[in-house]
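Be aware that the sequence shown starts at 17, since it is given in my numbering, and climbs by one per residue.
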Amino acid sequence: MTEASTTLAAPTVVDEQAMHRPIKRVLLACAMTAEALPMVERLGLQPDNVFASPAPCVSWSGEQFGLHIHLVQNGKDAEHGVDNVGTVAAALSVYLACQQFKPDLIISVGTAGAFRAQGAAIGDVFVGTTTVNHDRRIPIPGFDKYGVGAHTSAPTTRLQKELGLKAGMVSSGNSLDYTEQDMAFMLSNQVAVKEMEAAAVAWVASMFQTPMFCLKSITDIVDGDKPPQEEFLANLQQAAQALQEAITPVLKFVSGKTAAEL
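Right, dumping it as structure tokens:
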């Protein structure tokens, strides 16, 4: 059995009871200030200041579209002054937010890279179908599947069709670039979106038995010919705008439904 094949059996994040609970409270989880603040403004959210020091994460809350909406962002690193990106910060933020807000649905929102081979272009918005880790290689029986950490997201077939969103597997890693092994894993598993937090969000969602899916706008083409850091910086504003435009219809769609109806 190859390491790539360990992703094929991805458990669902939650049980049936949680899937049929009406969605009244939504948690939006993102890593970067540039992703969070435009959504805060668009949705009219207000700062909460609910997380006690030394937790770096910050949050905003409000009511729109018949929903209680909470947005948690990973905050800034105290030493380097940059956004806390990656799986460690995401897991901490979402864990604390789940304890505080007890959401019915979690959406991992943000910018990401994606594969042209899976139909991606700059500014596209993807919905995640499965989350995995592409850089946790532990070639020991049992630990290999744990390392991949595959989780099936809440099904969103109706959402995709209604809003015309692309869909595919989302793979997380803690580097902006990738190794040859990372790329081989992503290609063999037909990964559509590459980013740095979603697999951690899915892991925490599974702990709390809360449905989740990803909403990712594309800044760079992983299988393209440009360095990812250059494309990311050049297209961040465009991708953030696409994310802003997508979040309102997504929230309107989920309001009044259960996760099983998405």
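Even for Gly, the Cβ is constructed at its ideal location relative to N, Cα and C.
None of the values given here were measured: they were computed from a predicted structure.
query: Taking C-alpha atoms, which residue in Asp31, Ala214, Ile122, Gln116 lies nearest to Val101?
result: Locating residue 101 in the sequence shown gives position 85, where the first residue counts as 1. For the residues Asp31, Ala214, Ile122, Gln116, the minimum Cα distance to Val101 belongs to Ala214.
- prompt: With distances taken between CB atoms, is the gap from Ala113 to Ala275 smaller than 9 Å?
  reply: In the sequence shown, residue 113 corresponds to position 97, counting from 1. In the sequence shown, residue 275 corresponds to position 259, counting from 1. Contact: no.
- prompt: Where Thr168 and Ala34 are concerned, what is the direct C-alpha to C-alpha distance, given to the nearest angstrom?
  reply: Position 152 of the sequence shown holds residue 168. Position 18 of the sequence shown holds residue 34. Cα to Cα, the separation comes out at about 14 Å.
task: Name the two residues that bound the continuous alpha helix (DSSP H) containing Leu43.
output: Against the sequence shown, residue 43 aligns to sequence position 27. Element bounds for Leu43: not the alpha helix (DSSP H) but the beta strand (DSSP E), 41 to 46.
- request: Could you name the residues of the same chain whose beta carbon sits closer than 6 Å to that of Asn251, not counting the 5 residues immediately before and after it, in chain order?
  value: Start at 1 with the first residue of the sequence shown, and residue 251 comes out as number 235. Correct list, in chain order: Ile138, Thr235.
- prompt: Can you tell which of Arg174, Glu196, Phe201, Glu178 has its C-alpha closest to the C-alpha of Ser187?
  reply: By 1-based counting over the sequence shown, the position of residue 187 is 171. Ranking Arg174, Glu196, Phe201, Glu178 by Cα distance to Ser187 puts Phe201 first.
- prompt: In the DSSP assignment, what are the bridge partners of Met185?
  reply: One-based indexing of the sequence shown puts residue 185 at position 169. Answer by DSSP bridge pairing, in chain order: Val207.
query: With Trp76 and Asp64 assumed to form a contact (beta carbons below 8 Å), what rounded beta-carbon distance in angstroms separates them?
result: Mapped onto the sequence shown, residue 76 falls at position 60. Mapped onto the sequence shown, residue 64 falls at position 48. With 8 Å as the limit, Trp76 and Asp64 qualify as a contact, their Cβ atoms being about 6 Å apart.
query: Ordered along the chain, which non-local residues of its own chain (more than five positions away) have a Cβ less than 6 Å from that of Gln116?
result: Reading the sequence shown from its first residue, position 100 is the one you call residue 116. Here the set comprises Val66.
query: Which one of Met48, Phe81, Ala183 has the shortest CA to CA distance from Lys40?
result: For the purposes of this step, residue 40 is identified with residue 24 of the sequence shown, where counting begins at 1. With distances taken between Cα atoms, Lys40 lies closest to Phe81.
task: Count the CB pairs spanning the segment 40 to 53 and the segment 121 to 139 that are closer than 8 Å, and state whether there are at least three.
output: yes
query: Can you check whether the CB of Ala128 is closer than 9 Å to the CB of Glu211?
result: Taking the first residue of the sequence shown as 1, we reach residue 211 at position 195. Taking the first residue of the sequence shown as 1, we reach residue 128 at position 112. Contact flag set, yes.
message: How far does the beta strand (DSSP E) with Ala128 in it extend, from its first residue to its last?
response: Residue numbering aside, residue 128 sits at position 112 when the sequence shown is read from its first letter. Element bounds for Ala128: 121 to 130.
Residue-level contact to chain C via CB, Pro70, 9 Å cutoff: Absent here is chain C; the protein component of the structure consists of one chain.
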